[in-house]
Amino acid sequence: MNGLQTLSLAHINGNTPIGGNLLSTGAGATFRVWAPAAQEVKVLWEYTKTVEGDWRNNQEAKLQQTGEGFWRGFVPGLKAGDRYMYYVAGPVGGTEGPKRDPYARDLTDDPAWPECQCLLVDPMAFPWHDQGFRPPQFHELVIYQFHIGVWHIPAGRNNGTFLDVVEKLPYLKTLGINTLQPLPIVEFSGEFSLGYNGVDYFSPETDYGVKDADPALPSYLAAVNQNLLSINPHFKTYSLQDIQGTANQLKVMIDMCHVYGIAVLLDVVYNHAGGEFGDKSIYFFDCKPRGNRNDSLYFTDHEWAGGLVFAYWNDMVKQFLIDNAKFYLTEYHCDGFRYDEVSVIKKEGGEHGWLFCKYVTDTCRFIKPEAIHIAECWPVQEAVVRSTAQNGAGFDAAQNDGLRDAVRSAIGQASQGTAAFVDMDRIAREIASPVLNDKWRAVQCTENHDKVREGREWRIPRIADSSDSHSWCACSRSRVALGLTLTAVGIPHIFMGQEFLEDKQWSDKPGGPNQIWWDGLHQGVKPMADFWRFTQELLIVRRRLKGLTGNGLNIFHVHNGNRVLAFHRWVPDEGHDVIIVASLNESTYFNYELGFPRNGYWKEEINSDVYENWVNPWGVGNGGGIDATGSGTHGMPYSARITVPANSILVFSR
């Protein structure tokens, strides 16, 4: 190591970003790395393939130590796509060896270098088409959660990729989804994963990319450009270079989502990292002696979900995570985040964890005010969505388990037969979160990746009828469950396949028996196609009726014996009244008296009974509408006698 060239500090100042960064002038790249305990840090570059088939660097030089634990240097002549690594020598008793850049924007995926090398990326080179895109207002979001690797796998492919998502955008647009939320997309260890074991936070998972050498890449390019031009024939098409590399392909996915009017929320895991850490990862990055896990630069010795909790007490660790969020908002144009297990950050990080939450939400809100920040925090608590000025964590919304568990429980109770008790009161208590002051801040679902994962709980159709998930009982009760999700107060969340009655638990292993059954929908399996139509048309109604995204709520009728629930939605100070009636009774009610807030004609916007064997030849309903001219009841000034089909959800508007 003696006699090595020491890199200059040309083009480097106090504002030089961390990581390997290309200069906009094309003069080369700056490198800045945080390794406070290291005795020496080198940058390795000019990698070439040897005759043995592996990769070896031809150039290396020392970075200069510049105080506060940082090392810096400038390498002239480097360009986008060049490979690099750091070589870190630790203190006495420590180790030394190559390390990936914690801020690396992209990684190679070469079999001869299974640990991956870092790639320089020009953040200004990608040709974005989304300049006119604005995400929906927070209360108008409809979130579709899915896993990149298993959601949609084209024939002949091993797993799904970012570019395969683009193929499905016309489907999502037609369905009525306006927000996509993939499970975590950062580089993780191993072949298959849910994504919650990330190790390279600035690099997208290489398995979700189509390799540059893949002969199918030109076909992907043609398909992406066809989709692009179908929206706007005047758009400049992507070149092959534009879609090379995993980082570019994630940008293509987000860009194309925006072109289709669909927002993208990334699922970020700031409570822990890993599972499995290799020697080239950020674990013991500055090569301190192994033994005490608290000497790891980024982590504590506390475990969570198979990984290690971040060391929030260290301001540079907090900054690393904040930089990561800023990075995805700016360089990837994402529209917000779902933060995994904020409750772990709060519990394990204590005061410093809470400060991190405040810092990251405040910083991101300053950079991109229209981006939403959704916290997963158990139990649900108001402080998490309270502003930082009021000593809250500053998140905009929180995942909510109240309605989810109430509906799933009621569907299970209803499946036990006509004599079983069904707790409609519990659903009524959770139609709007009883915990959050601003009710729209609750993210409402009945299925998600945790709940219906392989080996855990069943999807709604199987809960509704364990013997036949396409039976009338399964389909009708599933419509009630999804209908309540989309009409409750809050931000609705749908899990992949739920829109067409997928009944299997899901797995992150591509090609297994738990894959989404697209063929059932595409081949016209009647219950699935009819359920998809119900989802699509209810989403149309939700977009059109402002009352369904308002904060006004009055639950005016709950009857456990009848298994009927009715509630009123509206926009305060504006109106836009909507009445929702849900029944989990196996018999139809005729002349069922219900209160209404205004007299006159109410249009029957949705009658879920129509979607059973569409158009249901035995369906019953209200002939398209009712007249609320009766005297007041249920605390309402008017009333009407309506037909409530068995196992149904009805939506009336005025």
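For the sequence shown, position 478 (counting from the first letter as 1) is numbered 524 according to the numbering used here, and the numbering increases by one without interruption.
C-beta: ideal position from N, C-alpha, C; glycine also.
As the structure is a prediction and not an experimental result, all values here were calculated from the model.
Ranked by Cα distance from residue 650, the first of 635, 671, 280, 264 is 671. The Cβ-Cβ distance between residue 402 and residue 396 does not fall below 8 angstroms. Rounded to whole angstroms, residue 378 and residue 256 show a C-alpha spacing of 18 angstroms. No Cβ-Cβ contact shorter than 8 angstroms links residue 353 with residue 382. Looking only at 490, 514, 499, the smallest Cα-Cα distance to residue 531 is reached by 490.
For residue 622, the uninterrupted beta strand (DSSP E) run begins and ends at 621-629, by DSSP.
Across the set 660, 116, 72, the C-alpha of 116 shows the shortest separation from the C-alpha of residue 79. Proximity of the region 357-364 to the region 322-329 falls short of the contact definition, fewer than three beta-carbon pairs being nearer than 8 angstroms. Excluding five sequence positions before and after residue 307, the CB atoms of its chain that fall closer than 8 angstroms to its own CB belong to 179, 219, 224, given in chain order. Here residue 316 is not near residue 231, since their CB atoms are 8 angstroms or more apart. Residue 549 and residue 634 have their C-alpha atoms some 26 angstroms from each other. Between the region 168-184 and the region 517-534, the count of Cβ pairs shorter than 8 angstroms is below three; the stretches do not touch. Rounded to whole angstroms, the gap between the alpha carbons of residue 227 and residue 163 is 28 angstroms. Assignment of residue 410 by DSSP, reduced to helix, strand and coil, places it in the helix class. Cα atoms of residue 249 and residue 339: separation of roughly 24 angstroms, rounded to the nearest angstrom. Note that the region 651-664 touches the region 574-587; at least 3 beta-carbon pairs, one per stretch, sit closer than 8 angstroms.
Distance from the CA of residue 646 to the CA of residue 640, rounded to the nearest whole angstrom, comes to 14 angstroms.
With respect to residue 653, residue 692 sits apart: the two C-beta atoms are not nearer than 8 angstroms. Taking C-beta atoms as the reference points, residue 454 and residue 409 fail to come closer than 8 angstroms. Within the same chain, and ignoring the five residues on either side of residue 68 in sequence, the residues whose Cβ sits closer than 6 angstroms to its Cβ are 75, 166, 168. When the beta-carbon positions are compared, residue 567 and residue 222 stay at least 8 angstroms from each other.
With a cut-off of 8 angstroms on Cβ pairs, the region 79-95 is in contact with the region 116-134, counting three or more such pairs. Counting only residues of its own chain and dropping the five nearest sequence neighbours on each side, residue 310 has a CB closer than 6 angstroms to the CB of 226, 300, 303, 380, 381. By the C-beta criterion, the region 57-71 is judged to be in contact with the region 144-154, since at least 3 inter-stretch pairs fall below 8 angstroms.
Within the model, the alpha-carbon separation for residue 499 versus residue 507 is close to 15 angstroms. Its Cα nearest to that of residue 84, the residue 111 stands out among 102, 111, 274.
In this structure, residue 284 and residue 270 form a Cβ contact; the two beta carbons are roughly 6 angstroms apart against a cut-off of 8 angstroms. In the three-state reduction of the DSSP assignment, residue 373 falls in the helix class. Per DSSP, the continuous alpha helix (DSSP H) segment holding residue 304 begins and ends at 292-305.
The Cβ neighbour count for residue 565, taken over all protein chains shown within 10 Å, is under 16; the residue is labelled exposed. Counting the other CB atoms within 10 Å of its CB gives residue 664 a total below 16, which places it among the exposed residues.
Proximity of the region 542-560 to the region 590-608 falls short of the contact definition, fewer than three beta-carbon pairs being nearer than 8 angstroms. Excluding five sequence positions before and after residue 350, the CB atoms of its chain that fall closer than 8 angstroms to its own CB belong to 317, 318, 387, 390, 394, given in chain order.
Taking C-beta atoms as the reference points, residue 52 and residue 107 count as a pair closer than 8 angstroms. Residue pairing by DSSP places residue 309 opposite 225 in a beta bridge.
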